[in-house]
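Below is one structure, written out as structure tokens; the observations come after it.
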């Protein structure tokens, strides 16, 4: 997997117009499934593809009626 095409939590938060904490919470709740996950003792790293983000945006649109710009 090419990591250049992966998005970080701050990038996804900006695309989805929500806070980074919301993104992290929704990852923990299973609403957003990252393509890449690495966990250590004190740190978690999640990276998402645009497909992951679009699926999450579709869920937020269905759940909350939010609209998103084309990325």
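Numbering (this note's numbering), first residue to last: 243 to 313.
The beta-carbon is built from N, C-alpha and C at its ideal position, and this holds for glycine as well.
Selection from the options that minimises the alpha carbon distance to residue i
i           : options            : result
residue 246 : 290, 308, 305, 301 : 290
residue 297 : 284, 283, 281, 268 : 268
residue 306 : 253, 254, 260      : 260
residue 252 : 301, 302, 288, 293 : 288
residue 292 : 265, 271, 276      : 276
Residue i versus residue j: straight-line alpha-carbon distance, rounded
i           : j           : result
residue 285 : residue 273 : 20 Å
residue 310 : residue 258 : 7 Å
residue 255 : residue 308 : 14 Å
residue 280 : residue 248 : 13 Å
Residue i classed as buried or exposed, judged by whether at least 16 other C-beta atoms fall within 10 angstroms
i           : result
residue 294 : buried
>> Which runs of the alpha helix (DSSP H) at least 4 residues long sit entirely within the stretch 245-304? Give them in chain order.
In response: List check, alpha helix (DSSP H) in window: 251-258, 262-270.
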